[in-house]
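*Asks:* Below you'll find the structure I mean.
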Amino acid sequence: MTGLLEDDRQWDATMSEAATVQSPARLRNLFVILLITCGPSNPGQLWESYKESLTEDILIEARRRNPRTDLNYTPGMFNQTLIILEDKALGMAGKDLKQLGLPAPQRNLGDRLSREMLRETSYDMNELDKYVLVNEPLLVPDQKAAYNAILDRINRKAGGILFLDAPGGTGKTFVINLLLAKIRQQSKIAIAVASSGIAATLLHGGRTAHSTLKLPLNLTHCEAPLCNISKGTGEAKVLQECELIVWDECTMSHRQALEALDRTLQDLRGNGNHMGGVVVLLAGDFRQTLPVVPKGTMADELKACLKASYLWRHVTQLGLKTNMRVHLQGDVSAGHFAAQLLTIGNGKVPVEPTSGLISIPDNFCNVVESIEIINVLYRINAHTINGSIPVNVEKYSF
Numbered sequence: 470m471t472g473l474l475e476d477d478r479q480w481d482a483t484m485s486e487a488a489t490v491q492s493p494a495r496l497r498n499l500f501v502i503l504l505i506t507c508g509p510s511n512p513g514q515l516w517e518s519y520k521e522s523l524t525e526d527i528l529i530e531a532r533r534r535n536p537r538t539d540l541n542y543t544p545g546m547f548n549q550t551l552i553i554l555e556d557k558a559l560g561m562a563g564k565d566l567k568q569l570g571l572p573a574p575q576r577n578l579g580d581r582l583s584r585e586m587l588r589e590t591s592y593d594m595n596e597l598d599k600y601v602l603v604n605e606p607l608l609v610p611d612q613k614a615a616y617n618a619i620l621d622r623i624n625r626k627a628g629g630i631l632f633l634d635a636p637g638g639t640g641k642t643f644v645i646n647l648l649l650a651k652i653r654q655q656s657k658i659a660i661a662v663a664s665s666g667i668a669a670t671l672l673h674g675g676r677t678a679h680s681t682l683k684l685p686l687n688l689t690h691c692e693a694p695l696c697n698i699s700k701g702t703g704e705a706k707v708l709q710e711c712e713l714i715v716w717d718e719c720t721m722s723h724r725q726a727l728e729a730l731d732r733t734l735q736d737l738r739g740n741g742n743h744m745g746g747v748v749v750l751l752a753g754d755f756r757q758t759l760p761v762v763p764k765g766t767m768a769d770e771l772k773a774c775l776k777a778s779y780l781w782r783h784v785t786q787l788g789l790k791t792n793m794r795v796h797l798q799g800d801v802s803a804g805h806f807a808a809q810l811l812t813i814g815n816g817k818v819p820v821e822p823t824s825g826l827i828s829i830p831d832n833f834c835n836v837v838e839s840i841e842i843i844n845v846l847y848r849i850n851a852h853t854i855n856g857s858i859p860v861n862v863e864k865y866s867f
């Protein structure tokens with residue numbers, strides 16, 4: 470029998486008092502007893518009022534397992550609480566939550582509370598909305614063209630591999646973080662990895678490729694390596710559901726790392742298309758650091774490069790060219806310096822026939838006396854102590 474009282478103030482007061490002194494587990498027991506024996510007239514409203522108190526221990530456990538993330542309550546956590554409540558109700562009275570006036574839990578979402586899924590689905594939607602709203606208008610034309618091309622590929626679920634060729638200073642990290650926010654804003658999963666730990670820290674939610682993708686430690690010892698991810702695990706679930714994988718500084722990685730990801734995604738997603746049908750955005754600059762092959766020759770390094778992979782001919786290439794330091798600050802000297810770097814990186818500087826070396830432009834070198842170096846280093850060291858940046862020290866930063 471329900472609705473015997475004029476309203477649910479009595480049950481609301483009961484829950485309110487219990488929430489201040491009881492553990493979430495005991496509070497869930499009380500809540501189920503109220504639903505079964507007391508017949509509140511509006512059980513849905515009671516749930517909405519106390520769902521956070523009922524779920525508090527689940528949030529605490531999620532934060533304990535993910536100490537580096539700022540987790541808050543998520544629909545998946547509330548769903549887990551509903552599953553617990555329904556199990557108790559079925560055990561006490563043989564009734565499911567729908568019969569008791571509450572929404573039925575989605576039983577297939579229980580696995581979303583794995584550590585990996587929590588990490589990828591617990592972003593603050595309000596913060597993402599603000600980030601996208603503020604930063605989308607700041608894209609310059611070539612950034613916007615690349616951004617829209619990638620989003621179009623994702624929205625069409627076309628899958629495939631793209632490469633964002635981005636020399637230093639062209640806003641690659643800005644574009645990538647905006648893409649990540651845009652996808653996550655839609656409650657979709659976007660994975661951000663990088664070949665180095667430093668690069669990973671610049672990406673929102675970024676981690677190293679080896680950590681996230683469980684790449685084999687010695688890729689070259691196997692003809693067809695796979696990522697060490699088993700079906701049914703949290704890592705597998707993330708890769709099965711993701712819409713975008715961004716791999717920054719990919720040019721540093723061995724081609725077999727990319728090939729291992731391709732095989733793994735095809736297997737986990739049951740899709741024979743490249744990368745299992747998911748969009749994989751590679752980003753980097755081949756003019757910078759390439760794969761390091763211990764005791765290898767130049768030929769070994771070329772063979773390890775991504776461009777030597779059988780996948781490379783299937784890659785769609787995009788590019789960023791606008792140097793943002795020049796664009797935003799009008800620094801003519803920075804523009805000249807960037808152009809010189811591109812000339813060197815593109816192999817257009819004459820090579821000395823005898824040594825095989827190139828001549829470094831004079832403006833790349835800053836010739837100083839030893840005492841000047843000592844003074845600058847002393848002041849930089851002082852900066853680490855008092856937090857102030859001495860005049861003219863910035864240009865010597867490294």
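Using our numbering, read the sequence shown as starting at 470 and increasing by one per residue.
Note that CB positions come from ideal geometry on N, CA and C, so glycine has one too.
Since this is a predicted model, take the numbers as computed values, not measurements.
Taking Cβ to Cβ, would you say Gly675 is nearer than 8 Å to Asn792?
*Replies:* Gly675 places its beta carbon 8 Å or farther from that of Asn792.
*Asks:* In the DSSP assignment, find the beta strand (DSSP E) that holds Gly753 and state where it starts and stops.
*Replies:* Val748 to Gly753
*Asks:* Return the chain-ordered list of same chain residues with a C-beta closer than 7 Å to the C-beta of Gly570, the five sequence neighbours on each side being excluded.
*Replies:* For Gly570, the CB contacts under 7 Å within the same chain, skipping 5 residues up- and downstream, are Pro512 and Gly513 in chain order.
*Asks:* Since Ile660 sits in a beta bridge, which residues does DSSP pair it with?
*Replies:* Ile714
*Asks:* Please list the terminal residues of the continuous alpha helix (DSSP H) segment that includes Asp565.
*Replies:* Note, Asp565: premise wrong, no alpha helix (DSSP H); not H, not E.
*Asks:* Measuring CB to CB, does Phe632 end up less than 8 Å from Gln786?
*Replies:* Using a Cβ distance threshold of 8 Å, Phe632 and Gln786 count as a contacting pair.
*Asks:* Do Leu684 and Val715 count as a contact pair if the criterion is CB distance below 8 Å?
*Replies:* no
*Asks:* Can Leu649 and Ala663 be called in contact, C-beta distance under 8 Å?
*Replies:* no
*Asks:* Straight-line CA distance for Pro493 to Cys507?
*Replies:* 20 Å
*Asks:* Check whether the Cβ atoms of Leu811 and Pro610 lie closer than 8 Å to each other.
*Replies:* no
*Asks:* For chain B, find out if any of its Cβ atoms is closer than 8 Å to the Cβ of Trp781; answer yes or no.
*Replies:* Protein chains in the displayed structure number just one, and chain B is not present.
*Asks:* Report all residues from its chain with a CB closer than 7 Å to the CB of Gln809; omit the five preceding and five following residues, and keep chain order.
*Replies:* Pro830
*Asks:* Taking Cβ positions, are Ser699 and Pro760 nearer each other than 8 Å?
*Replies:* No, these two residues do not count as a Cβ contact at 8 Å.
*Asks:* Suppose the cutoff is 8 Å on Cβ atoms and the five residues either side in sequence are ignored; what does the same chain contact list for Thr550 look like?
*Replies:* Arg497, Lys520, Leu523, Thr524 and Ile527
*Asks:* Select from Glu530, Arg532, Pro509 and Met484 the residue whose C-alpha is nearest the C-alpha of Ser518.
*Replies:* Met484
*Asks:* Go through its chain and collect everything with a Cβ distance to Gly871's Cβ below 8 Å, but skip five positions before and after it.
*Replies:* Because the chain in this structure spans residues 470 to 867, residue 871 falls outside the shown range and cannot be described.
*Asks:* Could you compute how far the alpha carbon of Ala618 sits from the alpha carbon of Asn624?
*Replies:* 10 Å
*Asks:* Find the nearest neighbour of Asn742 within the set Met561, Ala627, Ala562 and Met594, judged by alpha-carbon distance.
*Replies:* Ala627
*Asks:* Hey, out of Val747, Gln725, Asn697 and Glu555, whose CA is closest to Glu710's CA?
*Replies:* Here the closest residue by C-alpha is Val747.
*Asks:* Is Leu737 closer than 8 Å to Leu695 when the C-beta atoms are compared?
*Replies:* Inclusion of Leu695 and Leu737 in the CB contact set at 8 Å is not warranted, their separation being larger than that value.
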